[in-house]
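Below is one structure, written out as structure tokens; the observations come after it.
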Amino acid sequence: MSHIKGIAASSGIAIAKVYRLEAPDLSYNKNNVDVPEDEVKRLHEALDISKSELEKIKEHTKKSLGDEHAEIFSAHLLVLSDPELIQPIEDKIKSENVNAEAALDETANMFIDMFKNMDNEYMRERAADIQDVTKRVMAHLLDVTFPDPALINEEVVIVADDLTPSDTAQLNKQYVKGFTTDIGGRTSHSAIMARSLEIPAVVGTKEITRKAEKDEKIIVDGIDGDVIVNPTQEELDTYQQKMADFEKQKQEWAKLKDEPTVTADGTHVELAANIGTPDDVEGVLNNGGEGVGLYRTEFLYMGKSQLPTEEEQFGAYKSVLEQMGDKPVVVRTLDIGGDKELDYLDLPKELNPFLGFRAIRLCLERDDIFRTQLRALLRASVHGNLKIMFPMIATLEEFREAKNMLDEEKLKLKEEGHDISDDIEVGIMVEIPATAMIARQFAKEVDFFSIGTNDLIQYTMAADRMNERVSYLYQPYNPAILNLINNVIEAAHAEGKWAGMCGEMAGDSIAIPILLGLGLDEFSMSATSILPARTQLKDLSKEEMASYKENLLSMGTADEVVAFIKEKTNQ
Ligand code: PEP
Ligand code: MG
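Numbering (my numbering), first residue to last: 2 to 572.
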């Protein structure tokens with residue numbers, strides 16, 4: 002039995018057996034063979050298994066993420082049936098008397114190199130497809146497991162070094178009971194997605210892949226950040242009980258689902274949810290969300306082989322707006338970069354992706370991509386209560402340029418005869434310290450602020466949000482952060498605008514009393530945090546919390562802040 006401490010990333014308890022998700026070893030020896038026909042047969046067997054797996058993954062993706070995301074697997078299936086690829090592999094086996102592994106690898110690489118260097122995006126995408134499917138076929142030739150979360154059909158806990166956001170999107174809640182990783186933090190996007198999917202998760206354990214073997218029993222405690230491999234019977238009993246208590250607690254929270262969020266002294270604040278796909282809206286409504294405070298549109302662009310079309314985006318935005326009725330929906334424009342990559346854009350690798358060419362920076366340069374999204378959003382605006390928000394704004398010029406493009410597209414669409422809502426609020430995420438510092442100037446031009454603490458903390462503390470080694474510096478309650486937040490809220494109110502927060506801090510039980518006292522108007526969080534937050538806010542007095550403001554802002558350390566709040570709120 003081993004006990005491992007990590008970062009609690011998504012609450013709940015999972016008990017199941019270990020499923021290791023890791024890149025397989027695909028190294029092989031190049032051999033001469035006596036009977037090439039046998040190799041051709043092996044090749045076809047590997048191709049057939051790969052095809053049937055891809056069919057299953059395609060069906061699963063269609064159900065969980067929709068037709069558009071499943072298209073990539075149709076492209077992969079086409080590659081596997083393409084005689085222009087398969088015939089040369091067979092020819093090589095027969096003419097050179099080599100094994101299937103060598104013929105596959107060398108032929109595929111020849112095509113990949115050829116396509117990759119073409120000045121044609123379509124052909125470059127084909128190179129990526131060939132690369133992906135060759136790995137799967139190679140794994141079958143070598144008889145090594147090619148792990149695939151979408152193919153899991155028994156209850157497991159996933160153990161991995163890291164999970165990418167697109168791995169996470171593939172997880173089937175019915176079988177994947179939890180996950181735990183070596184790296185990552187509470188605000189890594191895979192952790193954020195685990196919360197939307199309501200899958201318990203512990204990340205940043207540093208060593209779980211060294212401690213847990215395939216099929217061993219494992220407990221993931223996403224409430225306190227503990228992982229236990231090979232638990233004793235006593236530990237199993239304890240955690241079964243903890244799981245039952247958590248379920249009971251959830252039923253208590255659920256009683257507040259249709260209640261407004263009102264503090265003990267009668268102030269209403271808005272509790273909204275962060276979503277990644279139209280499918281997440283169901284969870285928002287089931288958890289009593291009063292709006293969507295952040296729709297991360299990146300997921301429309303990920304796990305695909307090409308950019309989503311205007312029509313496809315229009316469909317997704319319209320669906321979210323319609324499902325939410327007259328409740329506000331804040332849609333954030335594309336924030337790709339950082340830990341969210343788009344292979345098909347073929348952007349050069351960067352040394353510091355979180356400080357690099359991401360989000361609005363990319364959109365302003367690739368305005369073809371940006372304008373397509375803006376058009377889809379504007380067209381969808383008549384289907385609900387839409388607000389548009391630009392991510393990673395560092396300067397007023399960036400905001401003005403983005404807003405200008407939005408206005409231009411609006412005019413064009415109107416000339417084309419489209420109906421566009423006339424009261425779409427346009428705001429920014431405040432996630433760069435420079436912007437928080439001059440929030441006064443921004444507040445004159447934007448309609449609202451949404452404070453993105455996930456990034457604001459990493460940039461203010463100079464501590465990568467993905468790096469568990471420096472997670473001790475990732476301090477939401479550091480007075481430096483509180484002063485920046487206060488500056489943003491005061492600036493908004495001075496200009497009669499509203500200030501929200503869509504970073505994970507908005508759903509945190511220590512932060513909630515502080516933010517209430519600072520005057521935050523809207524709290525946007527993972528849907529599952531809404532009811533615990535509403536329960537907590539019911540017992541808090543805004544006036545009392547506001548009276549602590551100056552004291553909190555002048556404290557020296559995060560620990561002092563935490564101790565003070567715990568004492569005042571009996572936590
Ligand atoms: C943030 O930075 O706080 C935020 C909400 O955006 P993301 O987590 O997608 O970077
Ligand atoms: Mg951010």
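Note that the Cβ used here is the ideal one computed from N, Cα and C, for glycine as well.
Problem set entry | Endpoints, the alpha helix (DSSP H) within which Met115 is located | That run of the alpha helix (DSSP H) goes Ala101 to Lys117.
Problem set entry | Span separating the alpha-carbon of Thr165 from that of Thr182 | When only Cα atoms are considered, Thr165 and Thr182 end up about 11 Å apart.
Problem set entry | DSSP-derived helix/strand/coil call for Ser320 | helix
Problem set entry | With 16 other Cβ atoms within 10 Å as the buried cut-off, status of Arg380 | Flag for Arg380 reads buried.
Exercise. Would you report the Cα separation of Asp327 and Glu85, rounded to the nearest angstrom?
Worked result: 53 Å
Exercise. Who pairs with Phe1 in a beta bridge, going by DSSP?
Worked result: What is shown of the chain runs 2 to 572, which leaves residue 1 out entirely.
For this session: Locate the beta strand (DSSP E) running through His190, then write down its first and last residues.
Result: Here His190 belongs to no beta strand (DSSP E); instead the alpha helix (DSSP H) covers His190 to Leu198.
For this session: Please classify Thr182: does DSSP put it in a helix, a strand, or coil?
Result: strand
Exercise. For Met393, which three-state DSSP category applies?
Worked result: Three-state result, Met393: coil.
Problem set entry | Proximity winner among Ala437, Ala444 and Phe449, relative to Leu457 (alpha-carbon distances) | Ala437
Problem set entry | Given Ser82 as reference, the closest of Thr135, Ser555 and Phe355 once Cα atoms are compared | Thr135
For this session: Tell me Lys413's beta-bridge partners as DSSP assigns them.
Result: Answer by DSSP bridge pairing: none, since Lys413 is not bridged.
For this session: Verify the contact flag: Thr456, CB atom, against every heavy atom of ligand 2, threshold strictly below 6 Å.
Result: Checking the sequence, you will find Asp at residue 456 rather than Thr. Yes, Cβ of Asp456 sits closer than 6 Å to a heavy atom of ligand 2.
Exercise. Is the stretch 241-248 close to the stretch 511-526, with three or more CB pairs under 8 Å?
Worked result: They do not touch, by the three-pair rule.
Problem set entry | Collapsed DSSP secondary structure at Ser3 in the structure displayed | strand
Exercise. Are the Cβ atoms of Ile113 and Ala104 separated by less than 7 Å?
Worked result: no
Problem set entry | Distance between beta carbons of Gly179 and Val158, contact taken as under 8 Å | Contact flag correct, Cβ pair sits at about 5 Å.
For this session: Return the residue from the list Asp222, Val331 and Glu217 that minimises the CA-CA distance to Glu271.
Result: Val331
For this session: Note down, in chain order, each residue of its chain lying with its Cβ closer than 6 Å to the Cβ of Ile73, except the 5 sequence neighbours on either side.
Result: For Ile73, where only same-chain residues beyond five positions count, the Cβ hits under 6 Å are Lys305 and Ser306.
Exercise. Just reading off the beta strand (DSSP E) that Ala464 is part of, what are its end residues?
Worked result: That residue, Ala464, is in no beta strand (DSSP E); it is neither H nor E in DSSP.
Problem set entry | According to DSSP, residues forming a beta bridge with Met430 | Met430 has Ser451 as its beta-bridge partners, per DSSP.
For this session: Verify the contact flag: Cys503, CB atom, against every heavy atom of ligand 1, threshold strictly below 6 Å.
Result: Answer for Cys503: yes, Cβ within range of ligand 1.
Exercise. In whole angstroms, what is the alpha-carbon distance linking Leu407 and Glu417?
Worked result: Cα-Cα distance, rounded: 15 Å.
Problem set entry | Nearest to Glu54 (by Cα), restricted to the options His77, Glu426, Ile425 and Glu102 | The shortest Cα separation from Glu54 among His77, Glu426, Ile425 and Glu102 belongs to His77.
Problem set entry | Cα-Cα separation between His419 and Ala195, rounded to whole angstroms | Going by C-alpha positions, His419 is about 38 Å away from Ala195.
Exercise. Can you check whether the CB of Ile425 is closer than 7 Å to the CB of Leu387?
Worked result: yes
For this session: Determine the extent of the beta strand (DSSP E) in which Leu474 is found, giving its start and end residues.
Result: Leu474 -> no beta strand (DSSP E), and no H or E assigned at all.
For this session: Report yes or no: do the stretch 260-267 and the stretch 533-550 share at least 3 C-beta pairs separated by less than 8 Å?
Result: yes
Exercise. What is the rounded straight-line gap between the Cα of Glu199 and the Cα of Thr529?
Worked result: 7 Å
Exercise. For Glu342, is the beta carbon positioned less than 6 Å from some heavy atom of ligand 1?
Worked result: no
Problem set entry | Three-state class that DSSP yields for Leu152 in the structure shown | helix
For this session: Can you have a look at Met115 and say buried or exposed, based on whether 16 or more other CB atoms are within 10 angstroms of its CB?
Result: Taking every protein chain shown into account, the CB of Met115 has fewer than 16 other CB atoms within 10 angstroms, so this residue is exposed.
Exercise. Can you tell which of Val99, Ile531 and Gly497 has the C-alpha that lies nearest to the C-alpha of Met506?
Worked result: Ile531
For this session: Could you tell me whether any non-hydrogen atom of ligand 1 is closer than 6 Å to the CB of Gly453?
Result: yes
Problem set entry | Continuous beta strand (DSSP E) stretch holding Leu86: start and end | No beta strand (DSSP E) holds Leu86; the alpha helix (DSSP H) holding it covers Pro84 to Glu97.
For this session: Would you kindly report the start and end of the unbroken alpha helix (DSSP H) that includes Gly289?
Result: Gly289 -> no alpha helix (DSSP H), and no H or E assigned at all.
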